[in-house]
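To keep things clear, I will list the structure first and then write my remarks on it.
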Amino acid sequence: MKSIEGIVLRHSARGMTKLTGELPTGYCSRAAQEILSWPLGTVALLTGFDVGGAPETDGPTGTFVMAQALRRLGFAPVVVSEPALCAYFEAQGFATHIVSPDDSVFSMEALLDALAPVGIVSIERCGRNFHGLYCNMRGKDISDATSPIDELVVQAARRGIPTVGVGDGGNEIGMGNVAHAIARRLALEPCVVTVDNLVVATVSNWGAYGIVAAMAQQAERALLPAFDRISSFYRFIVENGSVDGTTGRRQLTVDGFSMDTERAVVEALQRA
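The opening position of the sequence shown corresponds to residue 7 in our numbering, with each subsequent residue numbered one higher.
If you want it as structure tokens, here you go:
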């Protein structure tokens, strides 16, 4: 049987396999165990990555799968993101909190007070680099279009609120855990924001699915939805403005991968 980590790292071309030696063995299962240890309460889910003024297809779908799983387990997931992303989740019946690039660090502190989460999960969310900038994989500064949501994670560490981060490139929240390795091996200006449990994958959505698959194993519950449900959410977000983060096109792909590849990953995780 293939490991969950081996499945979510299939087709890796952006160096994520070079980082696995920096992470504990079975990191998806460790993240799942961490989440399942939290007392039932609010879980803040952070996602949304700007691509030329539109949200990308990677991130929201993994967050949707995670939110469904958390709700089935008795948690109260709240998605924190910009208006377009929040609209996706409101349409699916999930609670949201809208943030803006104009929001300040102080407003993030107040938001953390209001949410009082038992934990935070970030899935494909840009985090600040050493220079305090939010940059995409091409090194372009997208700070004007990115809300300072990563401050929630920074503040959570100071308050003892547990955090999980999922990324696939090096500039996402949580990649601060392996920032030195990213700078050395991938020649990329990494995010410096750290988390308690980091999950890396070829596609961040797949990393989120991997955590949910591990949660299903440990809780002995059916938590990972069928591919058809996942693909229908992809269609929904593309119809409402999402684009592929690699091509920048409004199409039913994620980081350049087709829905056939997506199906193969989801079904492999279900078998695992």
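Ideal Cβ placement from N, Cα and C applies to all residues, glycine included.
Practice task
Might you give, ordered along the chain, the residues of its own chain that have their beta carbon closer than 6 Å to the beta carbon of arginine 277, omitting 5 neighbours on each side?
Solution key: Mapped onto the sequence shown, residue 277 falls at position 271. Around arginine 277: no qualifying Cβ.
Problem - Whether threonine 169 touches glycine 99 by CB criterion (8 Å) - result: On the sequence shown, position 163 is the one that residue 169 refers to. On the sequence shown, position 93 is the one that residue 99 refers to. Not in contact: threonine 169 and glycine 99 (Cβ atoms no closer than 8 Å).
Problem - Cβ-based burial, valine 218 [other Cβ within 10 Å; buried from 16] - result: Taking the sequence shown and counting its residues from 1, the one referred to as residue 218 is at position 212. Counting Cβ neighbours within 10 Å, valine 218 comes out buried, since at least 16 surround it.
Practice task
For leucine 139, verify whether its CB is less than 7 Å away from any heavy atom of the ligand HEM.
Solution key: For the structure depicted, the ligand HEM is absent and the ligand set is empty, with no information on it obtainable.
Handout entry: 8 Å Cβ cutoff met for asparagine 183 and arginine 36
Key = By 1-based counting over the sequence shown, the position of residue 183 is 177. By 1-based counting over the sequence shown, the position of residue 36 is 30. For asparagine 183 and arginine 36, no; Cβs fall outside 8 Å.
Practice task
Please confirm whether proline 154 and aspartate 109 have their CB atoms less than 8 Å apart.
Solution key: For this step, residue 154 is matched to residue 148 along the sequence shown. For this step, residue 109 is matched to residue 103 along the sequence shown. Remark: C-beta atoms of proline 154 and aspartate 109 approach each other more closely than 8 Å.
Exercise for the section: Just tell me which of Ala214, Arg144, Ile10, His137 has its CA closest to the CA of leucine 192. Expected result: Against the sequence shown, residue 192 aligns to sequence position 186. Ranking the options by Cα distance to leucine 192, first place goes to Arg144.
Exercise for the section: Taking all protein chains shown into account, decide if proline 45 is buried (16 or more other Cβ within 10 angstroms of its Cβ) or exposed. Expected result: The sequence position of residue 45 within the sequence shown is 39, counting from 1. Classification for proline 45: exposed.
Problem - Beta-bridge partners of arginine 131, as assigned by DSSP - result: Your numbering for residue 131 matches position 125 in the sequence shown. Partner(s): Gly54.
Handout entry: Beta-carbon proximity of cysteine 197 to glycine 166, cut-off 8 Å
Key = Counted from its first residue, the sequence shown places residue 197 at position 191. Counted from its first residue, the sequence shown places residue 166 at position 160. Not closer than 8 Å, so no.
Handout entry: Inter-residue Cα distance where the pair is valine 199 and leucine 76
Key = Counting from one through the sequence shown, the residue named residue 199 turns up at place 193. Counting from one through the sequence shown, the residue named residue 76 turns up at place 70. Those two C-alpha atoms are separated by around 24 Å.
Exercise for the section: Drop a sphere of 10 angstroms on the beta-carbon of proline 66, count the other beta-carbons inside from all chains shown, and report buried for 16 or more, exposed for fewer. Expected result: Numbered from 1 along the sequence shown, position 60 holds the residue referred to as residue 66. Buried is the call here.
Problem - Per-residue burial, serine 106 [other beta carbons within 10 Å of its own, 16 or more giving buried] - result: Position 100 of the sequence shown, counted from the first residue, corresponds to residue 106. Flag for serine 106 reads exposed.
Problem - Proximal residues to threonine 23 (C-beta, below 8 Å), its chain only, five neighbours per side dropped - result: Reading the sequence shown from its first residue, position 17 is the one you call residue 23. Once the five neighbours on either side are set aside, the close Cβ partners of threonine 23 are Leu15.
Problem - serine 153 (DSSP reduced to helix, strand or coil) - result: By 1-based counting over the sequence shown, the position of residue 153 is 147. DSSP places serine 153 in coil when its eight states are reduced to three.
Exercise for the section: Would you mind stating whether glutamate 28 and alanine 187 have Cβ atoms separated by less than 8 Å? Expected result: Taking the sequence shown and counting its residues from 1, one reaches residue 28 at position 22. Taking the sequence shown and counting its residues from 1, one reaches residue 187 at position 181. In this structure, alanine 187 lies closer than 8 Å to glutamate 28 by Cβ.
Exercise for the section: Flag this pair as yes or no: are the beta carbons of cysteine 132 and glutamate 195 separated by less than 8 Å? Expected result: The sequence position of residue 132 within the sequence shown is 126, counting from 1. The sequence position of residue 195 within the sequence shown is 189, counting from 1. For cysteine 132 and glutamate 195, no; Cβs fall outside 8 Å.
Problem - Unbroken beta strand (DSSP E) run spanning isoleucine 104, endpoints - result: As a working mapping, residue 104 is identified with position 98 in the sequence shown. Here the beta strand (DSSP E) through isoleucine 104 covers 101–104.
Handout entry: Residue interval of the beta strand (DSSP E) (run including valine 209)
Key = Along the sequence shown, one-based indexing puts residue 209 at 203. No beta strand (DSSP E) holds valine 209; DSSP gives it neither H nor E.
Practice task
Output the boundary residues of the beta strand (DSSP E) element that contains glycine 173.
Solution key: In the sequence shown, counting from the first residue as 1, residue 173 sits at position 167. Counting along the chain, the unbroken beta strand (DSSP E) around glycine 173 starts and ends at 169–173.
Problem - Element boundaries [alpha helix (DSSP H), containing proline 66] - result: Translated into positions along the sequence shown, residue 66 becomes position 60. For proline 66, the enclosing alpha helix (DSSP H) has its first and last residue at 66–79.
Problem - Pair within 8 Å by beta-carbon distance, glycine 216 and phenylalanine 55 - result: The sequence position of residue 216 within the sequence shown is 210, counting from 1. The sequence position of residue 55 within the sequence shown is 49, counting from 1. Note that the C-beta distance between glycine 216 and phenylalanine 55 is not below 8 Å.
Problem - Close Cβ partners of glutamate 115 (< 8 Å) along its chain, the five nearest in sequence each way excluded - result: The residue given as residue 115 occupies position 109 in the sequence shown. Answer for glutamate 115: Glu157, Gln161, listed in chain order.
Exercise for the section: On a CA-only basis, which of Glu268, Leu25, Leu91 is nearest glycine 247? Give me that one, please. Expected result: Sequence index remark: in the sequence shown, residue 247 carries index 241 (1-based). For the residues Glu268, Leu25, Leu91, the minimum Cα distance to glycine 247 belongs to Leu91.
Exercise for the section: Over the uninterrupted alpha helix (DSSP H) stretch that includes serine 238, give me the two end residues. Expected result: If you number the sequence shown from 1, residue 238 lands on position 232. Here the alpha helix (DSSP H) through serine 238 covers 233–245.
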